[in-house]
Amino acid sequence: MSQFQSVLKPMEKHQAYKLMATKASARKMQRILDQLLNEIDDKHRATRKDVVTLTRESQQRLMHYKELYLHRESLGEGELQIVYQNMTITEQCLANMGVLALTHVIKALDKEC
Numbered sequence: 593m594s595q596f597q598s599v600l601k602p603m604e605k606h607q608a609y610k611l612m613a614t615k616a617s618a619r620k621m622q623r624i625l626d627q628l629l630n631e632i633d634d635k636h637r638a639t640r641k642d643v644v645t646l647t648r649e650s651q652q653r654l655m656h657y658k659e660l661y662l663h664r665e666s667l668g669e670g671e672l673q674i675v676y677q678n679m680t681i682t683e684q685c686l687a688n689m690g691v692l693a694l695t696h697v698i699k700a701l702d703k704e705c
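First residue of the sequence shown: 593, per this note's numbering; consecutive thereafter.
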């Protein structure tokens with residue numbers, strides 16, 4: 593086995609693991625997005641509030657949290673915690689997944705409207 597091949601084997605294993613992790617994250621993110629859309633629909637049925645309005649409100653909460661999270665060093669944790677607590681449980685799950693998940697879901701919600 594050449595030196596290149598001995599280095600390549602661990603790299604392939606890492607790439608395969610990373611690909612599996614990425615696929616799992618994408619599936620998890622899609623499940624949470626579906627759950628969020630179901631929550632919006634349930635809230636629409638309960639309150640008769642417009643679905644587009646409810647979707648935009650959720651999107652605004654996610655964007656607000658993302659913006660504060662990106663600037664958390666200059667703001668402090670208190671303000672970020674207040675915004676986080678005002679989010680639904682599903683939105684909090686998305687926030688816990690990180691900025692990339694937030695960005696993806698914000699764009700997906702935009703397409704829903």
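Just so it is clear, CB atoms sit at the ideal spot from N, CA and C, and this is done for glycine as well. Remember, it's a predicted structure, so these values are computed and weren't measured experimentally.
At a cut-off of 6 angstroms, would you count Val697 as near the ligand SAM, judging by its Cβ distance to the nearest heavy atom?
Only the bare structure without any ligand can be found here, which leaves the ligand SAM out of the picture.
Indicate the three-state DSSP secondary structure (helix, strand or coil) for Gly668 in the structure shown.
As a working mapping, residue 668 is identified with position 76 in the sequence shown. If DSSP states are grouped into helix, strand and coil, Gly668 belongs with coil.
Excluding sequence positions up to five away, which residues of its chain have a Cβ less than 7 angstroms from the Cβ of Arg648?
Your numbering for residue 648 matches position 56 in the sequence shown. Taken in chain order, the residues that qualify are Cys705.
Rounded to whole angstroms, what is the Cα-Cα separation between Arg619 and Asp626?
Indexing the sequence shown from 1 puts residue 619 at position 27. Indexing the sequence shown from 1 puts residue 626 at position 34. Cα to Cα, Arg619 sits roughly 10 angstroms from Asp626.
Looking only at its chain, what residues have a beta carbon closer than 8 angstroms to the beta carbon of Ser617, apart from the 5 residues adjacent to it on each side?
By one-based count along the sequence shown, residue 617 stands at place 25. Once the five neighbours on either side are set aside, the close Cβ partners of Ser617 are Met689, Ala693.
Expressed to the nearest angstrom, what Euclidean distance is found between the alpha-carbon atoms of Tyr676 and Thr639?
Numbered from its first residue, the sequence shown carries residue 676 at position 84. Numbered from its first residue, the sequence shown carries residue 639 at position 47. In a straight line, the C-alpha of Tyr676 is about 23 angstroms away from that of Thr639.
When you compare only the Cα positions, how much space is there between Val643 and Leu660?
Taking the first residue of the sequence shown as 1, we reach residue 643 at position 51. Taking the first residue of the sequence shown as 1, we reach residue 660 at position 68. Rounded to the nearest angstrom, the two C-alpha atoms are 26 angstroms apart.
Once the 5 residues before and after Leu654 are set aside, which same chain residues still bring their CB inside 8 angstroms of it?
As a first step, residue 654 must be located in the sequence shown, where it is residue number 62. Here the set comprises Met679, Glu683, Leu686, Ala687, Leu694, Val697, Ile698, Leu701.
Apply the 10 Å Cβ neighbour rule to Ser650 and answer buried if 16 or more other Cβ atoms are within range, or exposed otherwise.
Stepping through the sequence shown from its first residue, residue 650 is reached at position 58. Buried, by the Cβ-count rule.
Return helix, strand or coil for His663, following the three-state DSSP convention.
Taking the first residue of the sequence shown as position 1, residue 663 is located at position 71. Here His663 sits in coil by DSSP.
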